[in-house]
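S.K.: Here it is, the structure in full.
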Amino acid sequence: MMPLDTLDLIPLVEALIFAADGPIKAERMAEALDTEQTEILAAIEALEVDYAERPRGFFLQEVSGGYQLRTRPEYADFLRKLGHNRPFKFSRPALETLAIIAYRQPVTRSEVEYLRGVDSGSVLKTLLEKRLVRILGKKDIPGKPMIYGTTREFLELFGLADLTALPTLREFSELVSDEENERQGWDDEGASLPLLIDEDAVEEGSALSLETSGEQPEEA
Amino acid sequence: MMPLDTLDLIPLVEALIFAADGPIKAERMAEALDTEQTEILAAIEALEVDYAERPRGFFLQEVSGGYQLRTRPEYADFLRKLGHNRPFKFSRPALETLAIIAYRQPVTRSEVEYLRGVDSGSVLKTLLEKRLVRILGKKDIPGKPMIYGTTREFLELFGLADLTALPTLREFSELVSDEENERQGWDDEGASLPLLIDEDAVEEGSALSLETSGEQPEEA
Amino acid sequence: MDSYSIQLENFEGPLDLLLHLIKKNEMDIYDIPMAAITEQYLAILDTMKTLNLDLAGEFLLMAATLLHIKSKQLLPKIVEEDLEEEEDDPRAELVRRLLEYQKYKEVSLTLDHKPQLGRDVFARVAPQPEVLEEAEAGFVAVGLFDLLEALREVLKENPEQLVHEVNMEQLSVTDRINAILSALQGKESVAFVDLFSDGLKRNEVIVTFLALLELVKLHLVRFMQNVHHGTIWLFPAVVIDENEELDVGDDALGYS
Numbered sequence: 000m001m002p003l004d005t006l007d008l009i010p011l012v013e014a015l016i017f018a019a020d021g022p023i024k025a026e027r028m029a030e031a032l033d034t035e036q037t038e039i040l041a042a043i044e045a046l047e048v049d050y051a052e053r054p055r056g057f058f059l060q061e062v063s064g065g066y067q068l069r070t071r072p073e074y075a076d077f078l079r080k081l082g083h084n085r086p087f088k089f090s091r092p093a094l095e096t097l098a099i100i101a102y103r104q105p106v107t108r109s110e111v112e113y114l115r116g117v118d119s120g121s122v123l124k125t126l127l128e129k130r131l132v133r134i135l136g137k138k139d140i141p142g143k144p145m146i147y148g149t150t151r152e153f154l155e156l157f158g159l160a161d162l163t164a165l166p167t168l169r170e171f172s173e174l175v176s177d178e179e180n181e182r183q184g185w186d187d188e189g190a191s192l193p194l195l196i197d198e199d200a201v202e203e204g205s206a207l208s209l210e211t212s213g214e215q216p217e218e219a
Numbered sequence: 000m001m002p003l004d005t006l007d008l009i010p011l012v013e014a015l016i017f018a019a020d021g022p023i024k025a026e027r028m029a030e031a032l033d034t035e036q037t038e039i040l041a042a043i044e045a046l047e048v049d050y051a052e053r054p055r056g057f058f059l060q061e062v063s064g065g066y067q068l069r070t071r072p073e074y075a076d077f078l079r080k081l082g083h084n085r086p087f088k089f090s091r092p093a094l095e096t097l098a099i100i101a102y103r104q105p106v107t108r109s110e111v112e113y114l115r116g117v118d119s120g121s122v123l124k125t126l127l128e129k130r131l132v133r134i135l136g137k138k139d140i141p142g143k144p145m146i147y148g149t150t151r152e153f154l155e156l157f158g159l160a161d162l163t164a165l166p167t168l169r170e171f172s173e174l175v176s177d178e179e180n181e182r183q184g185w186d187d188e189g190a191s192l193p194l195l196i197d198e199d200a201v202e203e204g205s206a207l208s209l210e211t212s213g214e215q216p217e218e219a
Numbered sequence: 000m001d002s003y004s005i006q007l008e009n010f011e012g013p014l015d016l017l018l019h020l021i022k023k024n025e026m027d028i029y030d031i032p033m034a035a036i037t038e039q040y041l042a043i044l045d046t047m048k049t050l051n052l053d054l055a056g057e058f059l060l061m062a063a064t065l066l067h068i069k070s071k072q073l074l075p076k077i078v079e080e081d082l083e084e085e086e087d088d089p090r091a092e093l094v095r096r097l098l099e100y101q102k103y104k105e106v107s108l109t110l111d112h113k114p115q116l117g118r119d120v121f122a123r124v125a126p127q128p129e130v131l132e133e134a135e136a137g138f139v140a141v142g143l144f145d146l147l148e149a150l151r152e153v154l155k156e157n158p159e160q161l162v163h164e165v166n167m168e169q170l171s172v173t174d175r176i177n178a179i180l181s182a183l184q185g186k187e188s189v190a191f192v193d194l195f196s197d198g199l200k201r202n203e204v205i206v207t208f209l210a211l212l213e214l215v216k217l218h219l220v221r222f223m224q225n226v227h228h229g230t231i232w233l234f235p236a237v238v239i240d241e242n243e244e245l246d247v248g249d250d251a252l253g254y255s
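Residue numbers (numbering that gives the first Met the number 0), protein chains in the order written: chain B, 0 to 219; chain D, 0 to 219; chain G, 0 to 255.
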């Protein structure tokens, strides 16, 4: 890497502080940039002057021996409003319950609970409130339990035209089950793995290719 | 909260983009600030002018329908030294499969395999797990195969505003030499690890392999 | 042995290998000398075999395709009409595939060259918000993959449940039930004949009818008719007003 002059250093130091996952010490920056700590401190000072001249949405805070960019305190109200609009994240139980209802509908609560092995009342309630699940009716068996199914909102959320567009588990398993080849397509190191295919895979592979070689993909 | 004038809006919009935990849409900012979307877009434009005038350590990227601050690419080496690891590196099969899905979506597995000439199940699965690819539903043809498309994460990873921002697909009427391919994009970042070649045994592949053996990707 | 295996892996597949051979020999893509290329291709496969390397089926299939094209070329042309010579050329599809493959191979490299988040450019790591109140906005988009994974995980725990469920007919009736429920959603009623309108095959008609019977049995739908021999209408048995707050007390959850 080329030596850096002070002017280049200013945005670079800003980038390091910006991307750090907490306050970052001048010492550590100096190390990463292979430069003197005084250079870093000079760049930080220049940054501060810059921020004072033309106010930004954030300011540079010296905190616990390091530096951190923080949004200006007067913006707190707006930022909190942003946080409130944070989209709802599916919890594991919610996703499981939704999956069972989607694929097994019409389904009763006890059927869901049988499959999940745990009480699912509160999750079901949340899904009903979020209008992803609805009551279809009552089942004509003793106790007349409620029967549940998914809603139009569910289809919209998953971008499905209708319920028949849900992929079946069997189709999915075909894709997921060839664990032997699992690592072949991906590697963290960038190196290629040797091409080791067992006999069965070869058989399968050729059968598959034969099937598909006939059809021509349509133009996009 | 007081009404905001445009000048005040600029650092405020910067603060929102800075604080958001992903690309943030102009619409969402307008909502949080209780103002018009056009005001937000004007502030964003002003920010861009500002960043161009006095370069910062980061730049404003329009990505996946929203806006995000990202460190400048030329600082990547320094940031990596600070422990910002690249999370993964694409293998060539993964990249090819991803590219085909990106350009041909909605696309079935067999269409991908026809184009690549190889089984792509395991690569597809990995791309699904990495959330770069998603199941869109089922195709309404015999066998009802699943159809695939790319995700928001895909756009974010490659810094694309939307799918129309994908690099233009070059139509070939003839084969392009390997050297030209090299310049097109296969550089030290994307190349695989040095390859060990026995020239005599299999001379056919050596030319291609040797080309990529020059540079060693840096350890993070 | 390692070095050779990496060698072959260097080619994504048979198309990649062929592309390389054509380029290396500076062959005309529109006039590939089949004999020469087949020979070279097979030589490489032979080398791999003598090294006891397993070959992916796709490489073998391509070998068969090459041989097939070659033999087709040797056959005398039956008709002398020179129109559509291109389409007659047994190499046409292969050429098309090679050019198409090259297109995606190239663009995938271009794509990789773009600044990648987490590799070349970095975003700020937003700290976790301190307040986590109940969100009022919509859901984070979840993919179907997540939904299927969740189901798969659940069913892994209870595999026996699956046994009698995996039944071709049962599956299609269930599909049909779902389709009918979808069709009914948000509507007051659906005409009986509409369920059979889109050119259903005989077995599909039966499945649809079975689905309807099942729905009636479950008290999920009712049939109504204004006039004798008039249109039969299908009504959802339970209509939930979209604007009305749902009563999700204990009895709504099926336990009274």
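All C-beta atoms, glycine included, are put in the ideal place defined by N, C-alpha and C.
#1: Beta-carbon of G148 (chain B) versus every beta-carbon of chain G: anything under 8 angstroms?
#2: Just checking my contact of P235 (chain G) with L183 (chain G) at CB under 8 angstroms: how many whole Å lie between their CB atoms?
#3: Taking the straight line between their C-alpha atoms, what separation do you get for T37 (chain B) and E61 (chain B)?
#4: Could you check whether F77 (chain B) and L11 (chain D) sit closer than 8 angstroms to each other, using their CB atoms as the reference points?
#5: Are the CB atoms of A42 (chain D) and T70 (chain B) within a distance shorter than 8 angstroms?
#6: Any chance the segment 152 to 167 of chain B sits against the segment 135 to 144 of chain B, with 3 or more Cβ pairs inside 8 angstroms?
#7: For Y74 (chain B), would you say it is in contact with chain D, using Cβ-to-Cβ distances shorter than 8 angstroms as the test?
#8: Spell out whether any CB of chain B is found under 8 angstroms from the CB atom of N177 (chain G).
#9: Can you pull the chain D neighbours of L40 (chain B), defined as C-beta to C-beta under 8 angstroms?
#10: Where do the N-terminal and C-terminal ends of the alpha helix (DSSP H) with M26 (chain G) fall, by residue?
#11: Comparing the C-beta of G116 (chain D) with each C-beta of chain G, is any distance below 8 angstroms?
#12: Can you grab the Cα-Cα spacing for the pair L18 (chain G) / Y113 (chain B), in whole Å?
#13: Report the rounded CA-to-CA distance for I21 (chain G) versus I28 (chain G), giving the unit in angstroms.
#14: How many angstroms separate the CA atom of A55 (chain G) from the CA atom of L16 (chain G)?
#15: Along the segment 209 to 225 of chain G, where does the CB come closer than 8 angstroms to a CB of chain B? Name the residues.
#16: Please check the pair T149 (chain B) and V132 (chain B), which I expect to be a contact at CB under 8 angstroms, by giving their CB distance rounded to whole angstroms.
#17: In the segment 70 to 145 of chain D, which residue ranges form an unbroken beta strand (DSSP E) of at least 3 residues, counting only runs that do not cross its ends?
#18: Name the residues in the segment 23 to 50 of chain B whose C-beta lies less than 7 angstroms from a C-beta of chain G; which are they?
#19: Label D33 (chain D) either buried or exposed according to how many other C-beta atoms from any shown protein chain fall within 10 Å of its C-beta, with 16 as the threshold for buried.
#20: What do you get for E118 (chain B), buried or exposed, if any count of 16 or more other CB atoms within 10 angstroms of its CB means buried?
#21: Label D193 (chain G) either buried or exposed according to how many other C-beta atoms from any shown protein chain fall within 10 Å of its C-beta, with 16 as the threshold for buried.
#22: Do E13 (chain D) and G56 (chain B) come within 8 angstroms of each other at the CB atom, strictly closer than that value?
#23: Going by DSSP, what residue range makes up the beta strand (DSSP E) through Q60 (chain B)?
#24: To which residues of the same chain is I68 (chain G) closer than 7 angstroms at the C-beta, ignoring the five residues directly before and after it?
#25: Let me know the secondary structure DSSP gives A236 (chain G) once reduced to three states.
#26: Quick check: is the beta carbon of K88 (chain B) nearer than 8 angstroms to any beta carbon in chain D?
#27: Could you please give the first and the last residue of the uninterrupted beta strand (DSSP E) stretch that includes V220 (chain G)?
#28: What first and last residue would you give for the alpha helix (DSSP H) that runs through S70 (chain G)?
#29: If you measure from the beta carbon of F157 (chain B) to each beta carbon in chain G, is any gap under 8 angstroms?
#30: Whose Cβ in chain G lies nearer than 8 angstroms to the Cβ of Y66 (chain B)?
#31: Using the Cα positions of M145 (chain B) and G120 (chain D), report the straight-line distance between them to the nearest angstrom.
#32: Considering Cα atoms alone, identify which of G:R118, G:F10, G:I179, G:W232 is closest to P105 (chain B).
#33: Figure out for me which residue from G:A190, G:V204, G:V106, G:E213 has the closest Cα to the Cα of P166 (chain D).
#34: Check whether the Cβ of E198 (chain D) lies closer than 8 angstroms to any Cβ atom in chain B.
#35: Using a Cβ cut-off of 8 angstroms (strictly closer), state whether V153 (chain G) contacts chain B.
#36: Quick check: is the beta carbon of S107 (chain G) nearer than 8 angstroms to any beta carbon in chain B?
M.R.: Concretely, from the data shown:
#1: Within the first sequence, residue 148 (chain B) is the residue found at index 149, counting from 1. Yes - at least one Cβ of chain G is within 8 angstroms of the one on G148 (chain B).
#2: Position 236 of the third sequence, counted from the start, is the residue given in the question as residue 235 (chain G). Position 184 of the third sequence, counted from the start, is the residue given in the question as residue 183 (chain G). Rounded to whole angstroms, the Cβ separation of P235 (chain G) and L183 (chain G) is 5 angstroms, and the two are in contact under 8 angstroms.
#3: On the first sequence, residue 37 (chain B) is found 38 positions in, with the first residue counted as 1. On the first sequence, residue 61 (chain B) is found 62 positions in, with the first residue counted as 1. A direct Cα-to-Cα measurement between T37 (chain B) and E61 (chain B) gives close to 16 angstroms.
#4: Here residue 11 (chain D) refers to the residue found at position 12 of the second sequence. Here residue 77 (chain B) refers to the residue found at position 78 of the first sequence. Yes.
#5: As a first step, residue 70 (chain B) is located in the first sequence; it is residue number 71 there, counting from the start. As a first step, residue 42 (chain D) is located in the second sequence; it is residue number 43 there, counting from the start. The Cβ atoms of T70 (chain B) and A42 (chain D) lie no closer than 8 angstroms to each other.
#6: Because the criterion of three Cβ pairs below 8 angstroms is not met, the segment 152 to 167 of chain B and the segment 135 to 144 of chain B do not touch.
#7: Translated into positions along the first sequence, residue 74 (chain B) becomes position 75. It does: the Cβ of Y74 (chain B) has a partner Cβ on chain D nearer than 8 angstroms.
#8: Counted from its first residue, the third sequence places residue 177 (chain G) at position 178. Using a CB distance cut-off of 8 angstroms, N177 (chain G) counts as an interface residue toward chain B.
#9: Counting from one through the first sequence, the residue named residue 40 (chain B) turns up at place 41. The contacting residues do not exist; L40 (chain B) stays about 16 angstroms from chain D at best.
#10: Reading the third sequence from its first residue, position 27 is the one you call residue 26 (chain G). Careful: M26 (chain G) lies outside any alpha helix (DSSP H) and carries neither H nor E.
#11: Here residue 116 (chain D) is taken as the residue at index 117 of the second sequence, counted from 1. Output row for G116 (chain D): interface = yes.
#12: Locating residue 18 (chain G) in the third sequence gives position 19, counting from the first residue. Locating residue 113 (chain B) in the first sequence gives position 114, counting from the first residue. Approximately 55 angstroms between the Cα atoms of the pair.
#13: One-based indexing of the third sequence puts residue 21 (chain G) at position 22. One-based indexing of the third sequence puts residue 28 (chain G) at position 29. Whole-angstrom Cα-Cα distance: 7 angstroms.
#14: As a first step, residue 55 (chain G) must be located in the third sequence, where it is residue number 56. As a first step, residue 16 (chain G) must be located in the third sequence, where it is residue number 17. Looking at the two C-alpha atoms, the distance is approximately 13 angstroms.
#15: From the segment 209 to 225 of chain G, only K216, L217, H218, L219 have a Cβ closer than 8 angstroms to chain B.
#16: Sequence index remark: in the first sequence, residue 149 (chain B) carries index 150 (1-based). Sequence index remark: in the first sequence, residue 132 (chain B) carries index 133 (1-based). Taking 8 angstroms as the upper bound for CB-CB distance, T149 (chain B) and V132 (chain B) are in contact here, some 6 angstroms apart.
#17: The segment 70 to 145 of chain D contains these whole beta strand (DSSP E) runs: 132 to 137.
#18: Taking 7 angstroms as the upper bound on Cβ-Cβ separation, chain G lies near no residue of the segment 23 to 50 of chain B.
#19: Locating residue 33 (chain D) in the second sequence gives position 34, where the first residue counts as 1. With fewer than 16 Cβ atoms within 10 Å of its Cβ, D33 (chain D) is classed as exposed.
#20: Within the first sequence, the letter at position 119 stands for residue 118 (chain B). Per the sequence shown, the amino acid found at residue 118 (chain B) is Asp instead of Glu. Residue environment: D118 (chain B) is assigned as exposed (fewer than 16 neighbouring CB atoms within 10 Å of its CB, all protein chains considered).
#21: The residue labelled residue 193 (chain G) in the question sits at position 194 within the third sequence. Taking all protein chains shown into account, D193 (chain G) has fewer than 16 neighbouring C-beta atoms within 10 Å of its C-beta and is therefore exposed.
#22: In the first sequence, counting from the first residue as 1, residue 56 (chain B) sits at position 57. In the second sequence, counting from the first residue as 1, residue 13 (chain D) sits at position 14. If you check the CB distance, G56 (chain B) and E13 (chain D) come in under 8 angstroms.
#23: Within the first sequence, residue 60 (chain B) is the residue found at index 61, counting from 1. Counting along the chain, the beta strand (DSSP E) containing Q60 (chain B) begins and ends at 57 to 62.
#24: Looking up residue 68 (chain G) in the third sequence gives position 69. Taken in chain order, the residues that qualify are M33, P89, R90, L93.
#25: For the purposes of this step, residue 236 (chain G) is identified with residue 237 of the third sequence, where counting begins at 1. In the structure shown, A236 (chain G) sits in coil (DSSP, three-state: anything other than H, G, I, E or B).
#26: Position 89 of the first sequence, counting from 1, holds the residue named residue 88 (chain B). So no, K88 (chain B) is outside the interface.
#27: Your numbering for residue 220 (chain G) matches position 221 in the third sequence. That run of the beta strand (DSSP E) goes 220 to 224.
#28: On the third sequence, position 71 is the one that residue 70 (chain G) refers to. Start and end: 56 to 73.
#29: Taking the first residue of the first sequence as position 1, residue 157 (chain B) is located at position 158. The beta carbon of F157 (chain B) falls within 8 angstroms of a beta carbon belonging to chain G, placing the residue at that interface.
#30: Position 67 of the first sequence, counted from the start, is the residue given in the question as residue 66 (chain B). What Y66 (chain B) touches in chain G: nothing, since even the nearest Cβ is about 14 angstroms away.
#31: Sequence index remark: in the first sequence, residue 145 (chain B) carries index 146 (1-based). Sequence index remark: in the second sequence, residue 120 (chain D) carries index 121 (1-based). Each residue's Cα considered, the two are about 40 angstroms apart.
#32: As a working note, residue 105 (chain B) is residue 106 in the first sequence. Comparing Cα-Cα distances from P105 (chain B) to each of G:R118, G:F10, G:I179, G:W232, the minimum goes to G:I179.
#33: On the second sequence, position 167 is the one that residue 166 (chain D) refers to. Of the residues G:A190, G:V204, G:V106, G:E213, the one whose Cα lies closest to the Cα of P166 (chain D) is G:V106.
#34: Stepping through the second sequence from its first residue, residue 198 (chain D) is reached at position 199. Here the model assigns E198 (chain D) a pLDDT of 33, short of 50, so the residue's position is not dependable, and the following value carries that caveat. Judged by the 8 angstroms Cβ criterion, E198 (chain D) is not in contact with chain B.
#35: Against the third sequence, residue 153 (chain G) aligns to sequence position 154. Using a CB distance cut-off of 8 angstroms, V153 (chain G) counts as an interface residue toward chain B.
#36: To locate residue 107 (chain G), count along the third sequence from 1; it is residue 108. No, its Cβ sits nowhere closer than 8 angstroms to a Cβ of chain B.
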